[in-house]
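Colleague: Per the numbering used here: the sequence shown = residues 7 to 398. For every residue, glycine included, the Cβ atom is placed at its ideal position computed from N, Cα and C. Values in this document were obtained by computation on a predicted structure and should not be read as measured data.
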Amino acid sequence: MNFLSPLSLLWLGAIPVLLWLWRLASTHRQTRVPSLVPFAHLLKRPPRWRTRLFVNILFWLQLASLCLLALALAQPVLLRPRAKTILIVLDTSASMGARLRGPSALDRAKRLVRSRIARKRPQDRYFLMTSAPVEAVTPEPTDDAAVLTRAVAALHAHHLGGNLGTTAQIGRGLLGGAADEILVVTDEAKPTAVEEPVEFLSVHQTLPNVAIVGLDAQGSLCSGEPTRLSVALQNFSGDATTVRVTAEQEGRRLAETSLSMEPLARNHLSLPLEEHADGWVEVVVHAGRDALPVDNRAWTRVRPRSEVPVAVMMADEQRRRLIGEWLRACDGLVWAEGRLPQPQPHVVITDASERLGPEVVGALRLVGVASPRPAGSDGRPPRLSPETGRGG
């Protein structure tokens with residue numbers, strides 16, 4: 007509350023004057039009695055000034071009128087605080103579904119958001135964003151606590167990753183930069199320094215979790231070794247654990263191994279697969295205690311070892327025989343001399359000693375140079391043109 011004319015409050019200084027007038031009236035008050043005999047002992051005392059103030063309802067009415075008059079002259083005004091727009095960024099990534107016992111991280115985060123909404127001022131507006139996927143839960147800022155509570159209750163964790171900073175930037179962009187406060191609710195540890203107007207609410211809790219953080223299928227081209235799966239595992243907890251890793255395809259187990267992991271350690275495994283493995287392969291991590299099983303499974307596509315067709319087209323017999331010895335060392339190559347085995351794309355190895363016809367140029371995908379230019383040239387290898395197949 008403010009006063010437009012605060013100097014008018016000086017009228018409250020008239021209150022002592024009112025008290026003095028009532029005190030003065032009390033000293034001049036007289037009471038008529040028929041006899042002074044009962045009051046004879048009072049006459050022996052020396053007179054003194056009356057110290058007690060006798061008031062009645064008239065005094066209180068006069069005092070209230072004086073105070074109200076001074077207050078009215080001061081012209082009080084009631085200023086309502088400015089409405090705030092608060093952006094809530096709620097983490098809904100896969101890690102928010104972590105649960106060992108009791109509620110999940112997302113359930114605890116939703117409880118914090120609902121508690122903040124319940125304590126909000128009537129004029130404050132909230133705009134709710136989720137990080138996985140990045141979307142606006144409320145189409146526009148709203149001050150309806152019931153709508154916000156229902157929107158928060160309907161949220162659930164997605165099997166996606168999310169970036170809180172990006173979500174906050176997108177939210178501010180949707181608000182036109184009008185966010186007075188930014189409330190971030192996540193399971194990540196609270197940073198040491200948070201800049202205004204960001205408020206960080208963390209439901210971080212250390213839980214046992216082993217996750218697949220990398221997966222790749224590696225096949226061998228020039229050897230008969232089977233395809234191998236390269237798996238990277240991360241132990242996110244502070245306790246050592248033993249895990250079992252399996253590779254399965256349509257219910258059939260292709261490989262299996264066990265591994266002991268130290269706290270916060272990252273390990274790499276190589277699982278050999280059968281030679282006839284083809285299609286999608288599922289890698290599963292089996293851990294005794296794991297609060298987040300969603301990151302214990304991963305899929306990768308395994309393709310059969312392909313045989314690359316190669317055609318060696320050279321007029322020089324000695325060079326052709328030397329190239330053939332090199333090609334025999336690679337199991338993934340099928341090669342022929344002087345012709346194309348099948349009408350399909352081939353790797354053609356040639357030099358300038360033989361002219362390539364149009365049928366060869368049409369199937370050409372890669373040209374290899376087997377020998378430099380003949381004597382008398384500048385010493386650089388010949389350049390083959392895809393249009394003619396001849397050296398230029």
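Just grab the DSSP bridge partners of T148 for me.
Modeller: Position 142 of the sequence shown, counted from the start, is the residue given in the question as residue 148. DSSP, once it has assigned bridges, lists Y132 as partnering T148.
Colleague: In whole angstroms, what separates the C-alpha of G168 from that of V219?
Modeller: Here residue 168 refers to the residue found at position 162 of the sequence shown. Here residue 219 refers to the residue found at position 213 of the sequence shown. Their Cα atoms are separated by approximately 16 Å.
Colleague: Are three or more beta carbon pairs between the stretch 106-124 and the stretch 61-80 nearer than 8 Å?
Modeller: Not touching, per the Cβ criterion.
Colleague: Looking only at its own chain, which residues have a Cβ that is under 8 Å from the Cβ of L239, when we skip the five neighbours before and after it?
Modeller: Within the sequence shown, residue 239 is the residue found at index 233, counting from 1. Closer than 8 Å at Cβ, skipping near neighbours: V216, A217, I218, V219, V249, V251, L265, M267, R272, N273, H274, L275, V291.
Colleague: Can you tell me whether L127 is helix, strand or coil according to DSSP?
Modeller: Taking the sequence shown and counting its residues from 1, one reaches residue 127 at position 121. The sequence shown places Arg at residue 127, rather than the Leu named in the question. Looking at R127 - three-state DSSP - the assignment turns out to be coil, as it is neither helix nor strand.
Colleague: Is G177 helix, strand or coil when you go by DSSP?
Modeller: Along the sequence shown, read from residue 1 onward, the residue named residue 177 stands at position 171. Correct three-state label for G177: helix.
Colleague: Counting pairs of Cβ atoms below 8 Å between the stretch 197-208 and the stretch 154-167, do you hit three or more?
Modeller: No: fewer than three Cβ pairs fall under 8 Å.
Colleague: Check the DSSP bridge columns for D222 and list the partner residues they point to.
Modeller: On the sequence shown, position 216 is the one that residue 222 refers to. The partner list for D222 (beta bridge, DSSP) reads S236.
Colleague: Are the Cβ atoms of E205 and L189 separated by less than 8 Å?
Modeller: To locate residue 205, count along the sequence shown from 1; it is residue 199. To locate residue 189, count along the sequence shown from 1; it is residue 183. In contact: E205 and L189 (Cβ atoms closer than 8 Å).
Colleague: Using C-beta distances below 6 Å, list every residue in its chain close to Q129, excluding the 5 sequence neighbours before and after it, in chain order.
Modeller: Residue 129 sits at position 123 when you count from the first residue of the sequence shown. Answer for Q129: A89, listed in chain order.
Colleague: Can you tell me which of A157, A342, L27 puts its alpha carbon nearest to the alpha carbon of V119?
Modeller: On the sequence shown, position 113 is the one that residue 119 refers to. The residue with the shortest Cα to Cα distance from V119 is A157.
Colleague: Would you grab the beta carbon distance between D214 and S236 for me? Rounded to a whole angstrom, and I think it's under 8 Å.
Modeller: Looking up residue 214 in the sequence shown gives position 208. Looking up residue 236 in the sequence shown gives position 230. One point to set straight first is that residue 214 is Pro, not Asp, in the sequence displayed. With 8 Å as the limit, P214 and S236 do not qualify as a contact, their Cβ atoms being about 24 Å apart.
Colleague: Since I believe A321 is in contact with A342 (beta carbons under 8 Å), could you give me their beta-carbon distance rounded to a whole number of angstroms?
Modeller: Taking the sequence shown and counting its residues from 1, the one referred to as residue 342 is at position 336. Taking the sequence shown and counting its residues from 1, the one referred to as residue 321 is at position 315. Not confirmed; about 15 Å, so no contact.
Colleague: Using 8 Å as the cut-off, can you tell me whether the stretch 72-88 makes contact with the stretch 132-145, which would need three or more C-beta pairs spanning the two stretches below that distance?
Modeller: Too few Cβ pairs lie closer than 8 Å, so no.
Colleague: Work out the CA separation of T192 and V297 for me, nearest whole Å.
Modeller: Residue numbering aside, residue 297 sits at position 291 when the sequence shown is read from its first letter. Residue numbering aside, residue 192 sits at position 186 when the sequence shown is read from its first letter. Correcting the residue identity first, residue 297 is Ala in this sequence and not Val. When rounded, the distance between both Cα atoms is 16 Å.
Colleague: Going along the chain, which residues of its own chain have a beta-carbon closer than 8 Å to the beta-carbon of W17, five neighbours each way excluded?
Modeller: Translated into the one-based positions of the sequence shown, residue 17 becomes position 11. If we look at W17 and ignore the five residues flanking it on each side, its Cβ neighbours are L72, L75, A76, L79.
Colleague: With DSSP collapsed to three states, give me the class of A198.
Modeller: Indexing the sequence shown from 1 puts residue 198 at position 192. According to the sequence shown, residue 198 is Thr rather than Ala. Reduced to three states, the DSSP call for T198 is coil.
Colleague: For the beta strand (DSSP E) that contains Q81, what are its first and last residues?
Modeller: Locating residue 81 in the sequence shown gives position 75, counting from the first residue. Careful: Q81 lies outside any beta strand (DSSP E) and carries neither H nor E.
Colleague: Using CA coordinates, which residue listed in A184, R29, W332, Q211 is at the minimum distance from A104?
Modeller: As a position in the sequence shown, residue 104 is number 98, starting the count at 1. If we check each option's Cα against that of A104, Q211 comes out closest.
Colleague: Just verifying my parser: in three-state terms, what is the DSSP assignment at R156?
Modeller: By one-based count along the sequence shown, residue 156 stands at place 150. In the structure shown, R156 sits in a helix (DSSP, three-state: H, G or I).
Colleague: By Cβ distance, which residues of its chain are closer than 7 Å to S11, with the 5 residues on each side in sequence left out?
Modeller: On the sequence shown, position 5 is the one that residue 11 refers to. Cβ neighbours of S11 beyond the five flanking positions: L79, A80, Q81.
Colleague: Given that a residue counts as buried once 16 or more other Cβ atoms are within 10 Å of its Cβ, and exposed if not, what is V23?
Modeller: What you label residue 23 is simply residue 17 of the sequence shown in a count that begins at 1. Burial call: exposed.
Colleague: Looking only at DSSP bridge pairs, what is T248 linked to?
Modeller: Position 242 of the sequence shown, counting from 1, holds the residue named residue 248. Answer by DSSP bridge pairing, in chain order: S266.
Colleague: I'd like the ranges of any beta strand (DSSP E) spanning at least 3 consecutive residues and lying wholly in the stretch 90-117.
Modeller: Qualifying beta strand (DSSP E) stretches, in chain order: 91-96.
Colleague: Using DSSP bridges, identify the partner residues of F206.
Modeller: Position 200 of the sequence shown, counted from the start, is the residue given in the question as residue 206. According to DSSP, which records beta bridges pairwise, F206 is partnered with V190.
Colleague: Among D149, F133, A152, which has the Cα closest to the Cα of G182?
Modeller: What you label residue 182 is simply residue 176 of the sequence shown in a count that begins at 1. Considering only alpha carbons, the answer is F133.
Colleague: What does a CB cutoff of less than 7 Å around L170 pick up in its chain, not counting 5 residues either side in sequence?
Modeller: Indexing the sequence shown from 1 puts residue 170 at position 164. Closer than 7 Å at the Cβ level, and outside the excluded window around L170, lie V95, D97, S137, V190, T192.
Colleague: In the DSSP assignment, what are the bridge partners of S276?
Modeller: In the sequence shown, residue 276 corresponds to position 270, counting from 1. Partner(s): S236.
Colleague: Report the option in D245, R114, L93, A283 whose CA atom is closest to the CA atom of G177.
Modeller: Locating residue 177 in the sequence shown gives position 171, counting from the first residue. Cα-wise, what sits closest to G177 is L93.
Colleague: Hey, how far is the Cα of T263 from the Cα of G179?
Modeller: Taking the sequence shown and counting its residues from 1, the one referred to as residue 263 is at position 257. Taking the sequence shown and counting its residues from 1, the one referred to as residue 179 is at position 173. Approximately 49 Å, taken between the alpha carbons.
Colleague: By the three-class DSSP mapping on this structure, what secondary structure does A261 have?
Modeller: Along the sequence shown, one-based indexing puts residue 261 at 255. The answer is strand: DSSP assigns A261 an E or B state.
Colleague: What first and last residue would you give for the beta strand (DSSP E) that runs through G285?
Modeller: Within the sequence shown, numbered from 1, the residue matching residue 285 stands at position 279. G285 -> beta strand (DSSP E) spans 285-293.
Colleague: Under three-state DSSP, which class holds R309?
Modeller: Here residue 309 refers to the residue found at position 303 of the sequence shown. Coil.
Colleague: Give the DSSP-derived three-state secondary structure of Q211 in the structure shown.
Modeller: As a first step, residue 211 is located in the sequence shown; it is residue number 205 there, counting from the start. Looking at Q211 - three-state DSSP - the assignment turns out to be coil, as it is neither helix nor strand.
Colleague: CB A261 to CB A253, shorter than 8 Å?
Modeller: Start at 1 with the first residue of the sequence shown, and residue 261 comes out as number 255. Start at 1 with the first residue of the sequence shown, and residue 253 comes out as number 247. Against a cut-off of 8 Å, the Cβ pair of A253 and A261 comes out as a contact.
Colleague: Just mark S41 as buried or exposed, buried being the case when its beta carbon has 16 or more other beta carbons within 10 Å.
Modeller: Reading the sequence shown from its first residue, position 35 is the one you call residue 41. Classification for S41: exposed.
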